[in-house]
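Each residue of the sequence shown is one higher than the one before, starting from 1 at the first, in our numbering.
Heads up, the beta-carbon is just placed ideally off N, CA and C, and yes, glycines get one too.
Structure first, then comments.
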Amino acid sequence: MDSSEAKEEVKKTADIVEVVGQYVELKKRGQNYVGLCPFHSERSPSFTVNQSKQIYHCFGCGRGGDVFTFWMEYHNLSFPQSLKDLAERYNIPLPTYRDSSDEKKKSELKEILFKINQLAGTYFHDVLLNRAEGGPGREYFSSRHIAQETISTFRLGFTANKWDGLVNYLKSKNIPLKRGEEAGLLVPKKGGDYYDRFRGRIMFPIFDLNHQIIGFGGRVLDDSLPKYINTPETPLYHKGSTLYGLDSAFKNIREAGLAILVEGYMDVLALRQNGISNVVATLGTALTSDQTRRLKGYTKNVVVLFDPDEAGREAALKSLPLFLNEGISAKVLVLPQDEDPDSFVTTHGPETLGKLLKEAKPIFDFYLDQALANMEPGVDGQVQILHEVLPVFLKVEDGATRFLYIHKFSEKTGINEGLIWKELRQWANKSSEKRNRDELKKRLSPGQDLRKHGSDEQFLNLLIHYPETVDTFRDQDWELIVFDPEVAKIIRVLTEKSHSGEDLNGVEQTLDSAAAKEQLRRILISKPFYTEESVSQAVSEFCKKIASVKISQSMKKASAEGNIEMVNRLIRAKQDLESKM
């Protein structure tokens with residue numbers, strides 16, 4: 001089996017609904033499945049997956065393709081690596097993949113970095129469990145009530161406070177130290193040698209959704225700074241798009257219909273150990289839009305469980321617009337002072353925490369309480385808080401929820417509710433005008449005639465959904481009635497070679513234009529414009545349109561030549577044709 005055969009075998013075996021459904025919550029709608037797009041912010045689902053055609057397309061951002069495209073874009077991988085991942089997933093043997101391109105180099109580098117991270121994880125875990133120098137790490141986990149089973153499940157580790165522990169281990173495994181630097185584990189010295197980045201720290205491996213180690217977090221045993229350090233940005237690890245524990249929590253999050261979001265590694269370990277399995281952490285940083293989008297793929301309900309200190313409250317407040325942008329219903333649970341999720345669940349137990357989670361405050365209420373606490377007295381304070389909260393109101397998707405929020409805001413601030421609505425409408429109009437202008441600029445380019453594109457799309461829809469009609473137009477001058485150059489590219493590919501309904505997806509690979517590919521996917525995933533009964537009539541109408549344009553061209557030529565008799569004859573012919581259209 002060569003690589004192209006292997007690709008086809010994977011494509012036939014892999015179900016795109018199953019693959020995408022692991023990362024996006026999909027719901028059946030007619031012949032398609034729909035969900036919230038994992039590639040851009042949206043509140044109403046425009047991300048569509050078609051099982052029969054094995055393609056996906058987002059009507060919001062235009063991203064789309066087949067199962068390989070999704071895997072590459074979601075995981076930021078090359079095609080060879082994506083092919084390998086999906087082949088392994090479905091137990092399909094692969095030949096040696098040969099590629100001399102940059103993609104091969106990138107793929108090979110990632111494979112090496114995965115291997116190095118695996119070795120480093122094994123080393124750190126072994127130090128913690130089996131070596132004398134791991135004693136401080138064992139004492140630390142014991143003092144934090146972390147069980148041996150949890151240590152094994154999360155492959156926790158320890159690194160002694162020395163400069164060359166991992167350096168020497170990688171040397172013993174014949175790993176080039178330069179690669180250790182590229183993995184973010186080693187730091188170069190001036191003389192050309194290397195030293196360990198992580199020293200004297202508890203080690204937390206960070207996994208991707210395939211349970212491969214992409215990076216590490218390290219925590220000191222005392223109060224020295226920095227308390228935590230993470231792997232720097234590498235080809236595998238992107239801090240702003242990674243959630244700690246998601247690899248083992250996403251199924252539980254989906255089943256529970258809720259994600260609990262905490263700040264740190266230890267919070268995840270403590271909650272998991274106490275039976276709360278739908279929990280992930282932000283890796284100690286402020287929540288990002290990428291992380292929010294990841295969560296949205298599994299649930300639209302999140303409880304933010306950050307530390308009750310000022311930094312934790314600030315982080316929770318900053319997450320509000322991110323959740324609103326993604327249409328996520330978020331709540332905030334503020335624990336008693338001097339408690340964090342780890343200490344609270346260890347001291348009070350999961351039942352008590354579970355009761356508090358049910359009483360979590362909607363994030364807007366939390367936001368409003370904090371804003372009111374900082375509001376200046378008098379009219380100036382009212383004006384300031386109103387201008388702060390108006391853009392937040394606009395991001396509230398549900399109309400009833402927005403109404404209740406505004407009513408509550410009016411009661412608490414003393415600002416007239418009618419005035420709030422008036423200001424909100426003015427704010428919305430300004431925002432809408434700007435969005436409309438920006439959208440129009442994106443859609444329009446010089447030379448486009450939007451009036452003509454409706455017919456183009458109908459013609460393309462006919463050819464794609466009823467491929468048997470392509471033969472009729474292959475030898476006709478169909479270019480005369482197609483004005484969109486991207487549509488013309490697709491039809492040209494269709495008419496150059498017959499394509500059955502089953503292999504239409506392969507047409508996309510032939511196209512060299514991203515816009516044409518997007519147009520093709522959109523039509524493929526849409527419903528046919530024509531019924532089986534109306535296909536013949538549609539073919540006839542398009543043939544007449546072609547004939548009509550030809551007559552008009554001939555009339556123009558005859559007129560230029562002064563052939564009045566021919567012009568009159570063509571006029572009668574066109575009138576006769578148009579009477580039948």
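With distances taken from CA atoms, which of the options is nearest residue i?
| i | options | result |
| --- | --- | --- |
| P45 | Q51, C37, S52 | C37 |
| Y405 | L258, I363, N374 | I363 |
| A6 | D477, C58, L94 | L94 |
| K53 | S241, R522, A132 | R522 |
| A87 | V127, Q31, L119, K11 | K11 |
| F114 | P391, I206, V379, Q476 | I206 |
| S606 | M266, K173, F473 | Lying outside 1 to 581, the shown extent of the chain, residue 606 is not represented and no answer is given. |
| L129 | R144, I151, E411, L119 | I151 |
| N429 | P391, D15, E486 | P391 |
| K517 | V49, H40, S172, R63 | R63 |
| K162 | N230, K239, E133 | E133 |
| W478 | E233, C543, G284, E532 | C543 |
| K239 | L261, I253, G215, P226 | G215 |
| Y120 | Q553, R144, V167 | Reading off the sequence, residue 120 comes out as Ala, not Tyr. For the residues Q553, R144, V167, the minimum Cα distance to A120 belongs to V167. |
| R144 | D342, E8, N174 | D342 |
| T231 | D223, R219, S224 | R219 |
| S41 | T413, N210, K296 | K296 |
| P226 | G217, N50, Y237 | G217 |
| G180 | A316, N210, L324, L236 | L236 |
| L394 | S410, E417, K412, W421 | W421 |
| I585 | D126, A560, V470 | An answer regarding residue 585 cannot be provided, because it is not within the stretch 1 to 581 covered by the chain. |
| Q458 | L520, G399, A514 | L520 |
| V396 | I385, L424, M375, P336 | L424 |
The alpha helix (DSSP H) with residue i in it runs from where to where?
| i | result |
| --- | --- |
| K173 | Premise fails: K173 is in no alpha helix (DSSP H) and is neither H nor E. |
| N252 | 246-256 |
| L368 | 363-373 |
| R522 | 514-525 |
| A538 | 535-560 |
| H387 | 378-394 |
| L335 | Neither: L335 is in no alpha helix (DSSP H) and is coded neither H nor E. |
| P485 | 485-496 |
| K355 | 350-358 |
| I71 | The sequence shown places Trp at residue 71, rather than the Ile named in the question. Where W71 is concerned, the enclosing alpha helix (DSSP H) stretches over 67-75. |
| R474 | 470-474 |
At least one CB of chain C closer than 9 Å to the CB of residue i: is that the case?
| i | result |
| --- | --- |
| Q519 | Checking the listed chains, one finds no chain C in this structure; it contains a single protein chain. |
Based on DSSP bridge pairs, tell me the residues matched to residue i.
| i | result |
| --- | --- |
| Y405 | Beta-bridge pairing links Y405 to no other residue. |
| G35 | F47 |
| P226 | Answer is none; P226 lacks a bridge partner. |
| D196 | L186 |
| C58 | F47 |
| I260 | V279, V303 |
| G240 | Paired residues: none, contrary to the question. |
| G21 | Answer by DSSP bridge pairing: none, since G21 is not bridged. |
| G180 | Note: G180 sits in no beta bridge, so no partner. |
| G64 | H57 |
In the DSSP assignment, find the beta strand (DSSP E) that holds residue i and state where it starts and stops.
| i | result |
| --- | --- |
| G215 | 213-220 |
| M203 | 201-207 |
| A330 | 329-332 |
| K27 | 27-29 |
Please determine if the region 335-351 and the region 263-275 are in contact, where contact requires at least 3 C-beta pairs separated by less than 8 Å.
-> Yes, the region 335-351 is in contact with the region 263-275.
Contained alpha helix (DSSP H) runs [length at least 4] in the region 263-319, N- to C-terminal order | For the region 263-319, whole alpha helix (DSSP H) runs of length 4 or above, ordered along the chain, are 265-273, 289-296.
Unbroken beta strand (DSSP E) runs of length 3 or more, entirely within the region 83-160: which are they?
-> Here the runs fully enclosed are 157-159.
Can you find at least 3 beta carbon pairs, one from the region 482-499 and one from the region 462-471, that sit closer than 8 Å?
-> A contact exists between the region 482-499 and the region 462-471.
Below 8 Å, can you find three or more Cβ-Cβ pairs linking the region 77-92 to the region 103-111?
-> Touching, yes, given that three or more Cβ pairs across the two stretches are closer than 8 Å.
Can you find at least 3 beta carbon pairs, one from the region 280-300 and one from the region 317-329, that sit closer than 8 Å?
-> Cβ pair count under 8 Å is three or more, so yes.
Just checking, does the region 154-165 make contact with the region 132-146 on the three C-beta pairs under 8 Å criterion?
-> Three or more beta-carbon pairs separated by less than 8 Å link the region 154-165 to the region 132-146, which places the two stretches in contact.
Spell out a yes or no on whether the region 314-326 and the region 239-254 are touching, meaning 3 or more CB-CB pairs, one atom from each, closer than 8 Å.
-> As far as the Cβ criterion goes, the region 314-326 does not touch the region 239-254, which means the pair count is below three.
Does the region 513-528 come close enough to the region 54-66 that 3 or more CB-CB pairs lie under 8 Å?
-> At 8 Å Cβ cutoff, the stretches touch.
contact_flag[the region 404-418, the region 362-381] where n(CB pairs < 8 Å) is 3 or more | Cβ pair count under 8 Å is three or more, so yes.
Can at least three beta-carbon pairs, one atom from the region 283-290 and one from the region 10-24, be found at a separation below 8 Å?
-> Judged by pairs of C-beta atoms under 8 Å, the region 283-290 does not touch the region 10-24, as fewer than three such pairs exist.
Between the region 175-187 and the region 196-204, are three or more C-beta pairs nearer than 8 Å?
-> When C-beta atoms of the region 175-187 are compared with those of the region 196-204, three or more pairs fall below 8 Å, so the two segments count as touching.
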